[in-house]
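Colleague: If you count the sequence shown from 1, you need to add 1252 to reach the numbering used here.
Quick reminder that beta carbons are idealized off the backbone N, C-alpha and C, glycines included.
Take a look at the following structure, please.
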Amino acid sequence: MTGAVTGVSIVVPTLGRPSLRALLAALGDAPSTVEIMVVDDRPDRAVALPVPPAVKVLTGRAAGPAAARNIGWRAARHEWVAFLDDDVLPSATWYADLLADLGPAPRGVGGVQGRVRVPLPPGRPTDWERVTAGLADGAWLTADMAYRRAALDAAGGFDERFPRAFREDAELAYRVRLAGWRLERGRRTVTHPARRESMWVSVRTQRGNADDALLRRLYGPGWRTLLEVPRGRRRRHALVAAAGALTAVALAGRSLTARRAPVAARRLGRTAAVAGAAWALGTAEFAAARIAPGPRSPGEVGRMVVTSVVIPPVAIAHWLRGRVRWRAARPWTGGAA
1253 MTGAVTGVSI VVPTLGRPSL RALLAALGDA PSTVEIMVVD DRPDRAVALP VPPAVKVLTG
1313 RAAGPAAARN IGWRAARHEW VAFLDDDVLP SATWYADLLA DLGPAPRGVG GVQGRVRVPL
1373 PPGRPTDWER VTAGLADGAW LTADMAYRRA ALDAAGGFDE RFPRAFREDA ELAYRVRLAG
1433 WRLERGRRTV THPARRESMW VSVRTQRGNA DDALLRRLYG PGWRTLLEVP RGRRRRHALV
1493 AAAGALTAVA LAGRSLTARR APVAARRLGR TAAVAGAAWA LGTAEFAAAR IAPGPRSPGE
1553 VGRMVVTSVV IPPVAIAHWL RGRVRWRAAR PWTGGAA
């Protein structure tokens, strides 16, 4: 059974990035059946957000996009709630396409995903551009995802223990399906530009490993399959980080025992050599895998080499931090984080 959509609420969480202005301009004058709500999740709200008068601004708790979206959909007045990230640009026909996606949806459909287009500059994309381009193939991304309020209610909304835009949308989609709803893909389209970032962006994003640890606790070792998340490199990162740590420990031990126990020192030296070779090979393989599909310019190669040294230990440190923090975590039920 399907029916006409009488109205849609649009929820946009934001930290006040300049891209918000472009998004709201692209949305333009909303039809009377559309409610636009921006959730201001900035820690400092001394300066007002640059939003049109028709846009409703809600106050977030500066607790991350999951919590901000919960504030938005719980304040929405329509049956359907469409979530947009503040750095996407809807197509010129987005409103009409949204209604065309939602109108035919049977009552058992709890959510309909839009399409994400990531335009890349000519030539070989950089490492960060390839990461951004991966959004085009992502499942149930809240870059453009519409849910029925009833489905959000049944699932308890977004899990507010996820403090960043990483995995929280895939995790919600799984719980919505677990509650008996179906999810579909629509035809509406948004564009997600590959914005410029510092060379350390790939290191900063390793904080998401702590969120992966929460998912591992909640759903077990098969969580990636359940949530339709591609497999990463954590096992290889762990081996490389362990080899690097063993190298450092062995070298320190050799230095301390060189005079008092020369035989032990030589053994430690051999251990350091073997572990160091393993670390170097693992690091070189990681860097090469990131360099090969890219532009291979001197700047990009340098960034890949430096960050490939740093990423494995940082990723594992965040993973271990998450394992400790979430060791007793229980399924999300919609309460306070």
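(1) Hey, would you say the C-beta of L1503 is under 7 Å away from at least one heavy atom of the ligand NAD?
(2) Do L1276 and V1299 have their C-beta atoms within less than 8 Å of each other?
(3) Bridge partners for L1624 per DSSP, in chain order?
(4) If you drop the 5 nearest sequence neighbours on each side, which residues of the same chain put their C-beta closer than 7 Å to that of P1295?
(5) Tell me whether W1452 is buried or exposed, calling it buried when 16 or more other Cβ atoms sit within 10 Å of its Cβ.
(6) Taking the straight line between their C-alpha atoms, what separation do you get for L1503 and V1562?
(7) Distance, Cα to Cα, W1392 vs T1443?
(8) Can you tell which of Y1347, R1483, T1394 has the C-alpha that lies nearest to the C-alpha of F1335?
(9) Please classify W1584: is it buried, with 16 or more other beta-carbons within 10 angstroms of its beta-carbon, or exposed?
(10) According to DSSP, is H1570 part of a helix, a strand, or is it coil?
(11) Just to confirm my understanding: we take A1581, look at its own chain, exclude 5 residues before and 5 after, and list those with CB closer than 8 Å. What are they?
(12) Skipping 5 residues on each side, what residues in its chain have a beta carbon closer than 7 Å to that of V1257?
(13) Can you name the start and end residues of the alpha helix (DSSP H) that V1455 belongs to?
(14) Please confirm whether H1570 and R1487 have their CB atoms less than 8 Å apart.
(15) Would E1537 and A1446 qualify as a contact pair, given that the criterion is a beta-carbon distance under 8 Å?
(16) Can you tell me which of A1320, W1346, W1531 puts its alpha carbon nearest to the alpha carbon of R1439?
(17) Could you pull out every residue in the same chain whose Cβ sits closer than 7 Å to the Cβ of A1527, ignoring the five residues on either side in sequence?
(18) Measure the C-alpha to C-alpha separation of R1429 and L1435 and round it to an integer number of angstroms.
(19) Roughly how many angstroms separate the alpha carbons of V1558 and M1289, rounded to a whole number?
(20) Counting beta carbon pairs with one atom in the segment 1311 to 1326 and one in the segment 1393 to 1410, are three or more of them shorter than 8 Å?
(21) Have a look at N1461 and G1484 and give me their C-alpha separation to the nearest angstrom.
(22) In chain order, what residues of the same chain lie with their CB nearer than 7 Å to the CB of S1271, ignoring the 5 residues before and after it?
(23) Hey, how far is the Cα of P1564 from the Cα of A1344?
(24) Can you tell me whether E1423 is buried or exposed, with buried defined as 16 or more other CB within 10 angstroms of its CB?
(25) For G1586, which residues of its own chain have a beta-carbon under 6 Å away from its beta-carbon, when the five flanking residues on both sides are left out?
(26) What are the uninterrupted segments assigned as alpha helix (DSSP H) that are 4 or more residues long and contained completely in the segment 1389 to 1414, given in chain order?
(27) Around the C-beta of S1549, are 16 or more other C-beta atoms found within 10 angstroms, so that it is buried, or is it exposed?
(28) Per DSSP, which residues does E1537 bridge with? Please list them.
(29) Measure the CB-CB distance between V1263 and A1328 and report whether it falls below 8 Å.
(30) Across which residues does DSSP place E1287 in a beta bridge pair?
(31) Between which two residues does the alpha helix (DSSP H) holding W1346 run?
(32) How about G1366 and W1433: are their beta carbons less than 8 Å apart?
(33) For the candidate residues Y1426, S1560, A1417, V1515, whose alpha-carbon lies nearest to that of T1477?
(34) Considering Cα atoms alone, identify which of D1421, D1464, V1303 is closest to M1397.
(35) With distances taken from CA atoms, which of S1454, P1302, T1384 is nearest T1266?
(36) Just to check my reading of the structure: G1324 and V1286 have Cβ atoms closer than 8 Å, yes? What is that Cβ distance to the nearest angstrom?
Modeller: Well, looking at it:
(1) Ligands displayed in this structure: none; no statement on the ligand NAD is therefore possible.
(2) No, Cβ-Cβ distance for L1276 and V1299 is not below 8 Å.
(3) Outside the displayed span of the chain (1253 to 1589) sits residue 1624, for which this structure offers no information.
(4) A distance below 7 Å between beta-carbons, with the five flanking residues on each side excluded, links P1295 to the following residues of its chain, in chain order: A1314.
(5) Answer is exposed; the Cβ neighbour count stays below 16.
(6) Spanning the two alpha carbons is a distance of roughly 19 Å.
(7) Their backbone Cα atoms lie some 16 Å apart in a straight line.
(8) Here the closest residue by C-alpha is T1394.
(9) W1584 is buried by the Cβ-count criterion.
(10) Under the three-state reduction of DSSP, H1570 is assigned to helix.
(11) Answer for A1581: R1413, L1466, R1469, L1470, listed in chain order.
(12) Correct list, in chain order: W1332, L1351, L1354, G1355.
(13) Element bounds for V1455: 1453 to 1456.
(14) It is not a contact, given that the beta carbons lie outside the stated cut-off.
(15) No, they are not a contact pair.
(16) With respect to the C-alpha of R1439, the residue from A1320, W1346, W1531 having the closest C-alpha is W1346.
(17) Around A1527, the same chain offers A1495, L1498, T1499, A1502 as residues with beta carbons nearer than 7 Å, after the five sequence neighbours per side are excluded.
(18) Here the alpha carbons of L1435 and R1429 stand approximately 7 Å from one another.
(19) Going by C-alpha positions, V1558 is about 41 Å away from M1289.
(20) Put simply, the segment 1393 to 1410 touches the segment 1311 to 1326. At least three CB pairs are less than 8 Å apart.
(21) Cα to Cα, the separation comes out at about 10 Å.
(22) A distance below 7 Å between beta-carbons, with the five flanking residues on each side excluded, links S1271 to the following residues of its chain, in chain order: D1338, D1339.
(23) Looking at the backbone, the Cα of P1564 and that of A1344 are separated by about 42 Å.
(24) When all chains shown are included, E1423 counts as buried.
(25) When the five nearest sequence neighbours on each side are left out, the beta carbons in the same chain lying within less than 6 Å of the beta carbon of G1586 are those of G1408, G1409, in order along the chain.
(26) Uninterrupted alpha helix (DSSP H) stretches at least 4 residues long and entirely within the segment 1389 to 1414 occur at 1401 to 1407, given in chain order.
(27) Using a 10 angstroms sphere on the CB of S1549, the tally of other CB atoms stays under 16, which defines it as exposed.
(28) As computed with DSSP, E1537 is found in no beta bridge at all.
(29) Contact flag set, yes.
(30) DSSP lists S1261 as partners of E1287.
(31) Here the alpha helix (DSSP H) through W1346 covers 1346 to 1354.
(32) Cβ atoms of G1366 and W1433: not closer than 8 Å.
(33) Comparing C-alpha distances from T1477 to each of Y1426, S1560, A1417, V1515 shows the shortest one belongs to Y1426.
(34) Shortest Cα-Cα distance from M1397 to any of D1421, D1464, V1303 involves D1421.
(35) Closest by alpha carbon: P1302.
(36) About 14 Å; that fails the 8 Å criterion.
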